[in-house]
Every structure is written in C-alpha cells, then in structure tokens.
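Asker: First residue of the sequence shown: 1, per the UniProt record's numbering; consecutive thereafter. Beta carbons: idealized from backbone N, C-alpha and C, even for Gly. Predicted, not measured: the structure shown is a model, and the values here were computed from it.
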Amino acid sequence: MDVKATAGLISSMLTLLEEQAEAVTHLAIAFDNPIVSFRNDLFDGYKSDEGVPASLRGQFDLAEEAMKALGIVVWSMDQYEADDALATGAVRFSKSAKQIRILSPDKDLGQVVSGDRIVQLDRIRKKVIDEDAVVAARGVPPASIPDLLALVGDTADGIPGLAGFGAKSAAKLLARWGTIEAIPEDPAKWDVAIPGAPRLGATLAAERDDALLYKKLATLVTDVPLKESLTDLEFRGVPHGPFEALCDRLDLTETRKRPKRWA
C-alpha cells in the first residue's frame with residue numbers, strides 16, 4: 001500500500017509541533033472524507049473526489065489515524081467540508097484564545113479572518129494573513145469574500161463565477177456595496193468606475209440567482225456540530241504507544257524517533 005502522502009503529512013505535522021515560533025498549545029486538523037458535502041446537492045459542478053488518484057484516496061482513513069496517533073484532534077467531515085470545521089472552530093474558540101491560526105492560505109478561509117485574533121498562516125511563504133492582509137490582497141473585507149468568489153469564481157471548489165467579472169471589477173463593486181444583494185441592478189447607478197459596466201450589469205441582472213447560489217457555496221458554515229471544547233484541543237504530546245505502533249506498521253523507522261514532546 002502506498003503511504004507516501006500519509007508519511008509526508010506526519011512529517012509536516014511533526015515539523016509544526018517542533019517549531020518554537022509557533023508554540024502550539026491547542027490543535028485540531030480537519031479532513032474531507034469523502035470529498036462530498038451538502039454543497040454537491042446544491043450544485044452539480046461543485047468539487048468532488050472525481051479525479052483524485054486511487055493511491056491518495058486510499059490513504060484518507062490512514063491519514064486520520066496517523067493524526068490521532070500524534071495526539072491531534074481530528075475533525076472528519078462528510079456532510080460538511082474541512083473548511084467548515086476550521087471556520088467553526090475558529091469562530092467558536094476565538095473569544096477564549098489569544099490567537100487562532102488557520103494553517104491554510106485558501107481564499108475562502110479569508111472570510112473568517114478577524115483583526116489579528118483569527119488569522120491565516122501560509123507556512124510555505126512564512127506569512128501571517130490578518131484582516132489588513134486580506135483587504136490588501138483581495139480588495140474587500142473578510143465578510144465580502146463569499147460574494148467575491150461568487151462573482152469571479154473559485155476553480156479549486158468548482159465555482160464558475162459570472163462571465164466577465166474579474167477580481168478588480170468585482171472587488172470595486174463589493175468595496176462599495178459589500179454584498180451582491182446590495183449592488184444596484186441598474187449599472188447606471190454604480191458610482192464607481194467599472195470598465196464594461198453596462199455589460200457586467202446585464203450579466204449580473206440575468207444571472208443574479210446563479211450568483212447568489214455561488215455565494216451560498218462559497219460561504220463557510222460556522223456552526224458545525226463539533227463535540228470538542230477548547231480544553232480538548234490542548235496538545236499534550238505524542239502518545240508513545242499509538243505513534244510507535246503506527247510507525248512500525250508503516251515502516252517509518254526514522255519518523256518513529258522524531259517526536260520531541262511525548263505525552
């Protein structure tokens with residue numbers, strides 16, 4: 001059985017837990033397992049596990065098992081998505097934690113960023129994305145991210161967007177009106193300079209229902225029924241028995257020696 005992806009995930013998480021700069025105190029990881037949610041019932045073109053290599057799909061359960069063996073809380077999603085779980089956890093625990101760091105730079109997660117209390121972390125670029133960074137990068141505040149993705153599309157999630165809308169034109173409209181619903185149907189009433197406004201206005205008028213559906217697809221759920229409390233997410237170290245047994249089974253001899261913080 002191919003275990004490369006799982007081994008890579010274990011290594012990545014061990015690196016995170018070893019980083020002094022992160023000083024991880026509480027931790028959870030979310031999975032799409034399977035890559036299907038309520039959004040697939042709303043829109044046939046929404047992302048699914050079609051095209052996912054069998055060798056990778058076959059490791060979904062193993063990856064979750066590996067994270068549990070590391071002593072990490074796992075949120076396995078089926079009707080919701082992993083991003084919904086992350087959004088729920090971030091919002092739910094933000095008042096009790098000094099800072100919530102979402103270890104993903106995905107555009108849709110920008111909608112839950114709040115000041116410098118809920119931030120995203122791009123580990124590859126070593127960049128913290130706070131609310132100011134979201135506005136600088138997208139041209140709109142976090143609350144307007146679902147509207148932005150609805151207009152311009154999000155290929156990663158299978159959201160097509162509306163023809164003709166680019167990031168700049170959509171951001172200008174949303175910076176002015178905040179939501180798709182608030183944008184005047186008559187482009188003559190747009191008091192911001194938008195190239196091709198008559199054409200874009202006609203498209204939005206004709207496809208407004210589609211745009212609102214795409215917005216619903218792009219809006220993360222923040223009330224997923226997660227059972228854990230913040231205390232449950234406290235990282236207390238890697239449990240010897242489960243982790244060493246997993247490494248032995250997967251023949252990860254060197255990885256077995258890597259943990260520096262044992263439970």
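Going by DSSP, what residue range makes up the beta strand (DSSP E) through A30?
Answerer: Numbered from its first residue, the sequence shown carries residue 30 at position 30. Element bounds for A30: 28-32.
Asker: With a CB to CB cut of under 6 Å and the five nearest residues on each side skipped, what residues in its chain are close to F235?
Answerer: Counting from 1 along the sequence shown, the entry for residue 235 is found at position 235. Excluding positions up to five away in sequence, the list reads V24, L27.
Asker: Which ranges does the alpha helix (DSSP H) cover as unbroken runs of at least 4 residues, wholly within the segment 102-184, from first to last along the chain?
Answerer: Along the length of the segment 102-184, whole alpha helix (DSSP H) runs at least 4 residues long occupy 131-138, 145-152, 167-177, reported in chain order.
Asker: Quick check on this structure: which residue in P195, D232, A193, E185 has the alpha carbon closest to the alpha carbon of D209?
Answerer: Within the sequence shown, residue 209 is the residue found at index 209, counting from 1. Here the closest residue by C-alpha is E185.
Asker: In the DSSP output, what is E234 paired with across the bridge?
Answerer: Mapped onto the sequence shown, residue 234 falls at position 234. The partner list for E234 (beta bridge, DSSP) reads H26.
Asker: Roughly how many whole angstroms lie between the Cα atoms of residue 264 and T6?
Answerer: As shown, the chain starts at 1 and ends at 263. That puts residue 264 outside it, with no answer to give.
Asker: What's the gap between the Cα of R256 and the Cα of F243?
Answerer: As a working note, residue 256 is residue 256 in the sequence shown. As a working note, residue 243 is residue 243 in the sequence shown. Between R256 and F243, the C-alpha separation is close to 7 Å.
Asker: When you compare each of E22, A163, L62, P141 to K126 by their alpha carbons, which one comes out closest?
Answerer: Counting from one through the sequence shown, the residue named residue 126 turns up at place 126. Among E22, A163, L62, P141, the Cα nearest to that of K126 belongs to E22.
Asker: Which of the three DSSP states is assigned to V224 in this structure?
Answerer: Taking the sequence shown and counting its residues from 1, the one referred to as residue 224 is at position 224. DSSP places V224 in coil when its eight states are reduced to three.
Asker: Going by alpha carbons, who is nearest to A150 out of Y214, W262, M1?
Answerer: As a first step, residue 150 is located in the sequence shown; it is residue number 150 there, counting from the start. Minimum Cα distance to A150 is reached at Y214.
Asker: Using the Cβ count rule (16 or more neighbours within 10 Å means buried), how would you classify E64?
Answerer: Translated into positions along the sequence shown, residue 64 becomes position 64. When all chains shown are included, E64 counts as buried.
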